[in-house]
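Report on the structure given below.
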Amino acid sequence: MFVLVDLDGTLLPLEAWDPVFQDASEVIAKEVGIDWRVVFQEAKKLNMELMRGFSIKAFDWDYIFMEVASRFGVSVNVDIEELLMRRVMEFKPYDGSMEFLKLIKSLGYGVIIATNGWYKYQSIVIERLGFSQFVDGIRTPDIVGCPKNCCEFFRDGIIMVGDNPLFDVYYPSMCGLATLFIGDWNNRLSYVRNVWSLDLSAIKPTYSFRSIKDAVQAITEILYGYSRVGS
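For the sequence shown, the numbering used here gives the first residue as 1, with consecutive numbering after it.
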C-alpha cells in the first residue's frame, strides 16, 4: 500500500523555485532589453493559462520559457534543469518533511511522490534534497499522461497528502482515496476559485493540518487505522 505525497507546497515552499525562475527570466530579459520581472510575469501568466486547461505542459518550464521568449521575439535556449541544478541546494524543505516520509516508511508503507511538476525537474529536487531515501516512486504528468485529475495518478494509493484542494483532495477522493490536506484550507479554496472558477467549499479533506510538521504527530495513528482495516 502506498501513501501518495505532493512535493511543491507540501514538502517544501512553492517560493523555493523563485530564484530558478528569476535566473531563467533574466536570460530572456537580457536579450530583449527589459526588466526580468516582465518576463517572469509573462511566464506565470502562461503557466496559469495552461493550468486552467489542465494541460500537462503547465509545469514544463522549458516549454513555458521558450514560448515566452518567442512572444518577445527572441530565440533563447533556457535550460531549466541546468539552472535548477545550480539552485536546488538552496531549497529548504518544510520542518518535519523528512521526518514525515521516514515515519511512513518505518510503518511499512511505500511512498510515492505524486506531483504536477515534470519528472526531469522533480527527480532532481527529490534526489538532491535527500527525499529519495524514503521514496519508492515518482508520478508526474509527463509519465502518467495526465495531471492529477485522473485515477491512474492515484493507483494503489490509500491516502493522498497535499496542499491543493482540487488535485490533492477533490480528485483523489473521487478515485477512492482518503485525503490529508496540508495548509490553510480557506486560503487554498480561494486559490482554486481564482484559477479554475470552481467552488469546492462543499468538500472536506479526510484529515487537515496546518503544516507537515503537525501531520507528523498524527500520521502513525492515521495509518494504523488503515492497517487494521486491511488486516
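Cβ coordinates follow ideal geometry from the N, Cα and C atoms, glycine included.
Which of the three DSSP states is assigned to residue i in this structure?
i: Arg139; result: strand
i: Ala178; result: strand
i: Val76; result: coil
i: Ser208; result: strand
i: Phe2; result: strand
i: Asp163; result: coil
i: Glu221; result: helix
i: Leu46; result: helix
i: Pro93; result: coil
i: Pro19; result: helix
i: Lys148; result: coil
i: Ser197; result: coil
i: Phe277; result: Nothing about residue 277 can be read from this structure; the chain reaches only from 1 to 231.
i: Ser70; result: helix
i: Leu189; result: helix
i: Leu129; result: coil
i: Ala202; result: coil
i: Asp168; result: helix
i: Ser55; result: coil
Please list, in chain order, all residues of the same chain as residue i whose beta carbon is under 8 Å from its beta carbon, the five residues on each side excluded.
i: Asn116; result: Ala58, Phe59, Thr140, Pro141, Pro147, Lys148, Phe167
i: Asp163; result: Asp6, Gly9, Thr10, Phe181, Ile182, Gly183, Arg188
i: Asp79; result: Asp62
i: Leu83; result: Val20, Asp23, Ala24
i: Ser123; result: Ile138
Leaving aside the five residues before and after residue i along the sequence, list all residues of the same chain whose C-beta is less than 7 Å from its C-beta, in chain order.
i: Met189; result: Just to set this straight, residue 189 is Leu in the shown sequence, not Met. Contacts found: Pro165, Leu200, Ser201.
i: Ala178; result: Ile158, Ile159, Thr206
i: Ile212; result: Thr10, Leu11, Tyr94, Gly96, Ser97, Phe100, Ile182
i: Cys175; result: Cys151, Phe154
i: Glu64; result: For the record, residue 64 in the displayed sequence is Ile; it is not Glu. Correct list, in chain order: Ala43, Leu46, Asn47.
i: Phe54; result: Pro147, Asn149
i: Trp36; result: Gln22, Ser25, Glu26, Ala29
i: Leu198; result: Leu166, Val192
i: Gln217; result: none
i: Glu31; result: Val74, Val76
i: Tyr171; result: Lys148, Asn149
CB-CB under 6 Å to residue i, same chain, minus the five flanking residues each way: which ones, in chain order?
i: Arg28; result: The identity of residue 28 in the sequence shown is Ile, whereas the question assumes Arg. Within the same chain, Ile28 has close Cβ partners Val39, Ala69, Val76.
i: Ser173; result: Thr179
i: Gly230; result: Residue confidence for Gly230 is low, a pLDDT of 47 falling below 50, so the modelled location carries little weight; the figure read from the coordinates is stated next. Taken in chain order, the list of residues that qualify is empty.
i: Ile104; result: Val3, Val111
i: Asp156; result: Phe2
Using DSSP bridges, identify the partner residues of residue i.
i: Ala238; result: As displayed, the chain neither begins before 1 nor continues past 231, which places residue 238 out of reach and without an answer.
i: Leu103; result: Partner(s): none; Leu103 has no beta bridge.
i: Gly157; result: Phe2
i: Leu12; result: Asp8
With distance defined between alpha-carbon atoms, name the residue in the options nearest to residue i.
i: Val144; options: Ile56, Val195, Val20; result: Ile56
i: Gln133; options: Leu223, Lys92, Lys102, Glu152; result: Lys102
i: Phe21; options: Val192, Glu31, Gln41, Leu4; result: Gln41
i: Trp61; options: Ala43, Ala215, Lys92; result: Ala43
i: Val161; options: Asn194, Arg128, Tyr119, Phe209; result: Phe209
i: Arg52; options: Val192, Leu83, Tyr224, Ser123; result: Val192
i: Met85; options: Val125, Phe54, Phe65; result: Val125
i: Pro13; options: Tyr226, Phe91, Ile203; result: Phe91
i: Glu49; options: Val135, Asn194, Ile203; result: Asn194
i: Tyr224; options: Gln122, Ser106, Tyr119, Arg87; result: Ser106
Does residue i have its Cβ less than 8 Å from a Cβ in chain B?
i: Arg155; result: Within the model displayed, chain B is absent; a lone protein chain is all it includes.
Looking at residue i and the ligand FAD, is the gap between the Cβ and the nearest heavy atom below 7 Å?
i: Gly145; result: The ligand FAD is absent from the structure shown, which contains no ligand whatsoever.
Segment contact flag, the stretch 103-110 with the stretch 63-83, C-beta cutoff 8 Å, min 3 pairs = Per the Cβ contact rule, the stretch 103-110 is not in contact with the stretch 63-83 (fewer than 3 Cβ pairs under 8 Å).
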